[in-house]
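> Take a look at this one; I'll ask things after.
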Amino acid sequence: MGRGGQDYGKRENLSAKSSSGEEIFAAWAKDVSECEEYYQVDRDYGLSTEEVEKSREIYGWNELEKHEGPSIWRLVLDQFNDTLVRILLVAAVVSFVLAWYDGEEGGEMEITAFVEPLVIFLILIVNAIVGVWQENNAEKALEALKEIQSEQATIGMETEIGNVHSQIHEASQSEEDTPLKKKLNEFGEVLTAIIGVICALVWLINVKYFLTWEYVDGWPRNFKFSFEKCTYYFEIAVALAVAAIPEGLPAVITTSLALGTRKMAQKNALVRKLPSVETLGCTTVICSDKTGTLTTNQMAAAGLVAMGSRAKPIRNFKVEGTTYNPLDGKIRGWPVGRMDANLQMIAKIAALCNDASIEQSGNHYVATGIPTEAALKVMVEKMGLPDGLDSGTSSRYGDVLRCCRAWNKLERRIATLEFDRDRKSMGVIVNSRSGRKSLLVKGAVENVLERSSHVQLLDGSIVELDQTSRETILQSLHEMSSSALRCLGFAYKEDLREFATYNGDEDHPAHELLLNPSNYSSIESKLIFVGLAGLRDPPRKEVRQAIEDCRAAGKEFMERHDPKGHLRQDGGLLFSRAEPRHKQEIVRFLKEDGEVVAMTGDGVNDAPALKLADIGIAMGIAGTEVQYQLMHPIAFNVIGARIFLWLRAHAVEVAKEASDMVLADDNFSTIVAAVGEGRSIYNNMKAFIRYMISSNIGEVASIFLTAALGIPEGLIPVQLLWVNLVTDGPPATALGFNPPDNDVMKKPPRRSDDSLISAWILFRYLVIGLYVGIATVGIFIIWYTHDSFFGIDLSGDGHSLVTYSQLSTWSQCRTWENFSVTPFKAGSQVYNFDANPCDYFQTGKIKAMTLSLSVLVAIEMFNSLNALSEDGSLLTMPPWVNPWLLLAMSVSFGLHFLILYVPFLAQIFGIVPLSLNEWLLVLAVAFPVILIDEILKFVGRCTSGVRASGSRKSSKRKAE
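The opening position of the sequence shown corresponds to residue 263 in this note's numbering, with each subsequent residue numbered one higher.
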């Protein structure tokens, strides 16, 4: 119901009153005539502009009410609608209560005891805000797409075409999950289960720190349980799970899809359904119409075959020119001014059985209507007029159809037998000045010839169409079709019987025959065949390169065109005279064979095939002739010009409703560019997943190795959550702006059933993740056990060295004899352990923790550079190809420096400032992640062919 109007659908009381007390007109319960009288509307004439403005002031705009989205606070709260986040909140509350309880027991309440739970609360809130920001970005990107869509709507009567439109619209609303969405759902479930198990193992490995016992007579006795330590290690496990599971994945993917859609719009490909962007990337077969998509859709006559004499039954003329300019070229060997009866009849049929028009605009000639008919009118102009027939008009500027107008003055069209797919022809009944009626027909040569019984020779004589003449005509058809020409036959009939006295009157008995299209075949029978014309539709210049790109990308190409033999097969598959049901069958067979199919279409009959295809592509501005042929009027005086135009426009709109993408320029190269963009978007999403999962595996490996080796924790819950915020934020989002790989269209297409994470990709995840874990744990151990590493002096702070054996058994420190450590300086603070040397492994680990955290941040920033391309080296895809990623890395490093060098924040996160030498060590340990991934990329490039072949064989076995 329009906003601002009276929402009658919600009223039930016939005597309902408005808020002002006035009685509301119960339109829903009134007769149509009563409503017209009350609102002063005339259904036949509608409303004038002034009446529309007046009604708009009273009732408001006729538009759907725009629902406001949830409030910002609601969105923030929704970020906590996650089981792991809620568990962490509970753990933080328990930690807070324990700190409060310990403070009351000890009689002293220290603020430092509450730092960790408070910081966990703070980071979760900040993380929620970042999540809202990501979702808002995705929503804004989606809203921006609406600018591309038209806000205008065409309304019409409840015709059959309207019913078809409604059914297609309803069908288009029921969308299935795309391959990526299904894989992400499966991947998320598996990832959550694996990380859950690992986090549980981490917690169980640390049981020895909060649950101890003694063995008495071989049985455990005297259990001691520390609830505080149990809660602490539980926080570590849950914080690890929160950090390891990429919660921002849906928002980042939506943003990537929306950004890709905007890029496609700039290339004249308008995407109607967002998930279809991803599906484009795995398209394996493109089924394309020829006319208007592979060609310019600017038809031009190239040849004319006229009937000759008994001795020489066929005459051939070559027509020059490729534009709609009648002065562009001439007809070779044409008898100027001496047109015989047969040539005159061809010109008359081509001019009268035709609804196209051509106008001159400056130096350009613009055709209105079907391009084929426009080309025929240009041919008529080049044929000229016979002696004795005056056009009655001058050849003044802009009068480009002088000859066609002369033929229209000679004979007036009184009825039209519109084109249909069964007859494959169009006919018009004309009335000459003498009152003689005749039927002029043009259409597919085979069909017209089949309904013909005679032929007209050049002298005007009529002879029977024998088998020899038929074969001669078909031979000419074959020769022209083999030269990539679209052929149309011409015929006429003068013995009309029931139409002999018909003048277009609706009361005439013959008029009833015209209202039923099933009668057209009988009317168009016993025709006199006069000749045929061959028309050429020049291919677009960019199509050759686009098809070559498709072949390089491993895509199969199927083309649909009209006459049999229209094009010689040169790779790919060609289908001639493809009916709508044929298109559906083609799509169905291809999908059953495991192909991902893109199908083009432009009319109502194409809608089912477009809906069935994985990617339905509707023509936007020009379309092909199907829409016009399907909606050709019975006669303008029967249906009316306005309805005809509405039907013709709606033929395209129905196809658009059923489609996933609309071509604004009807250009095949736009489809190829969109496929490339779809591949790029899919690669960017995989880059984000690869970056996040490999980094998260590294965090899991770090905690797991720490627990397995028995060394002190190098990362505490607050730090894990901080790293999660830093890495999941700017760099992950910036990966959505990665440019396409240089070889994005040189790789074979992935199949829809290909695994999101193949064995090779999983291996890469594990290698990178394992290195991240080793690096973060390794630098922690290095600080404790080495005073220098790779020539970098680490003794500047004066810390004491311990053996690895001591570090791994630090929990037994109290049993060591004569163990002591010297004080060391971290930042502006000196750490002294004279009172309790064992505290060196707890309070004293602050420098080692800082190094671990810094290595984790640095290594994940370098790992984001690895995600610029799946297999492309940084030498070919340098970091500056994505300046947004460099900016994001700077932001992440800036945030890390902030918590390092602002004393208050450093105290909260349990870290200290690092010296120059320590930063050199961090970079030396973190940088090899790039070298390792470069080696993996090189191996991936060398084995890509073998892996692709294996994947195809595996897919075929699954299909079988």
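The beta carbon of each residue, even a glycine, is placed where N, CA and C say it ideally should be.
1) What's the gap between the Cα of S784 and the Cα of D855?
2) So within the stretch 541-615, which uninterrupted beta strand (DSSP E) runs reach at least 3 residues, ignoring any that extend past its ends?
3) Could you check the C-alpha separation between S310 and E296 for me, to the nearest Å?
4) Using 8 angstroms as the cut-off, can you tell me whether the stretch 1051-1069 makes contact with the stretch 984-1003, which would need three or more C-beta pairs spanning the two stretches below that distance?
5) Given 7 angstroms as the limit, tell me if L339 has its C-beta closer than that to any heavy atom belonging to the ligand ADP.
6) Report buried or exposed for N1094, applying the criterion of at least 16 other Cβ atoms within 10 angstroms of its Cβ.
7) State the CB to CB distance for the pair E1132 and A1021, rounded to an integer number of angstroms; the pair is presumed to be in contact (CB under 8 angstroms).
8) For the beta strand (DSSP E) that contains N484, what are its first and last residues?
9) Is T1038 buried or exposed, if buried means 16 or more other CB atoms sit within 10 Å of its CB?
10) Determine contact between the stretch 1082-1096 and the stretch 1023-1033, defined as no fewer than three beta-carbon pairs at a distance below 8 angstroms.
11) Pick from D649, A636, V581, D1003: whose alpha carbon is nearest that of M1139?
12) What's the C-alpha gap between C1100 and K470?
13) For Y1033, which residues does DSSP report across the bridge?
14) Around the Cβ of L339, are there at least 16 other Cβ atoms within 10 angstroms (buried) or fewer (exposed)?
15) Can you tell which of D927, L663, I611, S619 has its C-alpha closest to the C-alpha of R674?
16) Pair every Cβ in the stretch 554-567 with every Cβ in the stretch 740-747, then say whether three or more of these pairs are closer than 8 angstroms.
17) Between the Cα of G1106 and those of L1130, F487, W1142, S1062, spot the shortest distance and give me the residue it belongs to.
18) How close, in whole Å, do the beta carbons of V1119 and S1154 come, if the pair is a contact with beta carbons under 8 angstroms?
19) Under a three-way DSSP split, which group does K1087 fall into?
20) Out of Q807, V858, L542, G1134, state which residue places its alpha-carbon closest to the alpha-carbon of L1198.
21) Quick check: P1010 and Q1104, are their CB atoms within less than 8 angstroms of each other?
22) Using DSSP with H/G/I as helix, E/B as strand and the rest coil, what is P1175?
23) Give every residue of the same chain whose Cβ lies closer than 8 angstroms to the Cβ of V1191, excluding the five residues on either side of it in the sequence, and list them in chain order.
24) Look at the alpha carbon of T1071 and the alpha carbon of G972, and state the distance between them as a whole number of angstroms.
25) For the structure I just gave you, are there three or more beta carbon pairs, one from the stretch 536-549 and one from the stretch 600-618, closer than 8 angstroms?
26) Kindly indicate the opening and closing residues of the beta strand (DSSP E) around W475.
27) Which partner residues does Q622 have in the DSSP bridge list?
28) By Cβ distance below 6 angstroms, which residues in the same chain neighbour I467 in space, the five residues on each side in sequence not counted?
29) How many angstroms separate the CA atom of T995 from the CA atom of Y953?
30) Here's a check: name, in chain order, each residue in its chain whose Cβ is nearer than 6 angstroms to the Cβ of A936, leaving out the five neighbours to either side.
31) Reducing DSSP to helix, strand and coil, say where M742 ends up.
32) Would you kindly work out how many angstroms separate the C-alpha atoms of T1205 and V962, rounded to a whole number?
33) Do three or more CB pairs link the stretch 642-653 to the stretch 589-601 at distances below 8 angstroms?
34) List the DSSP bridge partners of R748.
35) Can you tell which of S317, E1079, G458, F791 has its C-alpha closest to the C-alpha of V717?
36) Give a yes or no on whether the C-beta atoms belonging to V1006 and S942 are separated by under 8 angstroms.
Looking at the atomic coordinates:
1) The residue you call residue 784 lines up with position 522 of the sequence shown. The residue you call residue 855 lines up with position 593 of the sequence shown. When rounded, the distance between both Cα atoms is 43 angstroms.
2) Complete beta strand (DSSP E) runs here, min 3: 547-551, 562-569, 576-580.
3) In the sequence shown, residue 310 corresponds to position 48, counting from 1. In the sequence shown, residue 296 corresponds to position 34, counting from 1. Roughly 20 angstroms between the two C-alpha positions.
4) no
5) This structure lacks the ligand ADP; in fact it carries no ligand of any kind.
6) The residue given as residue 1094 occupies position 832 in the sequence shown. With fewer than 16 other Cβ atoms within 10 Å, it is exposed.
7) Numbered from 1 along the sequence shown, position 870 holds the residue referred to as residue 1132. Numbered from 1 along the sequence shown, position 759 holds the residue referred to as residue 1021. Actually they do not touch by this definition, with Cβ atoms about 15 angstroms apart.
8) Counting from 1 along the sequence shown, the entry for residue 484 is found at position 222. It spans 481-487 - the beta strand (DSSP E) in which N484 sits, taken as one unbroken run.
9) Here residue 1038 corresponds to residue number 776 of the sequence shown, with the count starting at 1. Under this definition T1038 is a buried residue.
10) no
11) Counting from one through the sequence shown, the residue named residue 1139 turns up at place 877. M1139 has its Cα closest to that of D1003, out of D649, A636, V581, D1003.
12) Here residue 1100 refers to the residue found at position 838 of the sequence shown. Here residue 470 refers to the residue found at position 208 of the sequence shown. Distance between the alpha carbons of C1100 and K470: 18 angstroms.
13) In the sequence shown, counting from the first residue as 1, residue 1033 sits at position 771. Per DSSP, none; premise fails for Y1033.
14) Translated into the one-based positions of the sequence shown, residue 339 becomes position 77. It counts as exposed.
15) On the sequence shown, position 412 is the one that residue 674 refers to. Nearest option by C-alpha distance: I611.
16) yes
17) Working through the sequence shown from its first residue, we reach residue 1106 at position 844. Nearest of L1130, F487, W1142, S1062 to G1106, Cα basis: S1062.
18) For the purposes of this step, residue 1119 is taken as residue 857 along the sequence shown, with counting starting at 1. For the purposes of this step, residue 1154 is taken as residue 892 along the sequence shown, with counting starting at 1. By a beta-carbon distance limit of 8 angstroms, V1119 contacts S1154. Their separation comes to about 7 angstroms.
19) In the sequence shown, residue 1087 corresponds to position 825, counting from 1. Reduced to three states, the DSSP call for K1087 is strand.
20) Numbered from its first residue, the sequence shown carries residue 1198 at position 936. With distances taken between Cα atoms, L1198 lies closest to G1134.
21) For this step, residue 1010 is matched to residue 748 along the sequence shown. For this step, residue 1104 is matched to residue 842 along the sequence shown. In this structure, Q1104 does not lie closer than 8 angstroms to P1010 by Cβ.
22) Position 913 of the sequence shown, counted from the start, is the residue given in the question as residue 1175. Note: P1175 maps to coil in three-state DSSP.
23) As a working note, residue 1191 is residue 929 in the sequence shown. If we look at V1191 and ignore the five residues flanking it on each side, its Cβ neighbours are I1030, Y1033, V1034, A1037, I1121, F1124, N1125, N1128.
24) By one-based count along the sequence shown, residue 1071 stands at place 809. By one-based count along the sequence shown, residue 972 stands at place 710. Going from the Cα of T1071 to the Cα of G972 covers about 7 angstroms.
25) no
26) For the purposes of this step, residue 475 is taken as residue 213 along the sequence shown, with counting starting at 1. It spans 473-478 - the beta strand (DSSP E) in which W475 sits, taken as one unbroken run.
27) Here the question's residue 622 lines up with position 360 in the sequence shown. According to DSSP, Q622 bridges with Y627.
28) By 1-based counting over the sequence shown, the position of residue 467 is 205. Closer than 6 angstroms at Cβ, skipping near neighbours: A969.
29) The residue given as residue 995 occupies position 733 in the sequence shown. The residue given as residue 953 occupies position 691 in the sequence shown. T995 and Y953: Cα-Cα distance of roughly 11 angstroms.
30) In the sequence shown, residue 936 corresponds to position 674, counting from 1. Excluding positions up to five away in sequence, the list reads M526, A531, L542.
31) Sequence index remark: in the sequence shown, residue 742 carries index 480 (1-based). Reduced to three states, the DSSP call for M742 is helix.
32) On the sequence shown, position 943 is the one that residue 1205 refers to. On the sequence shown, position 700 is the one that residue 962 refers to. C-alpha separation (whole angstroms): 29 angstroms.
33) yes
34) Numbered from 1 along the sequence shown, position 486 holds the residue referred to as residue 748. Paired residues: L797.
35) Counted from its first residue, the sequence shown places residue 717 at position 455. Taking only the C-alpha atoms, the option nearest V717 is F791.
36) Locating residue 1006 in the sequence shown gives position 744, counting from the first residue. Locating residue 942 in the sequence shown gives position 680, counting from the first residue. Contact: yes.
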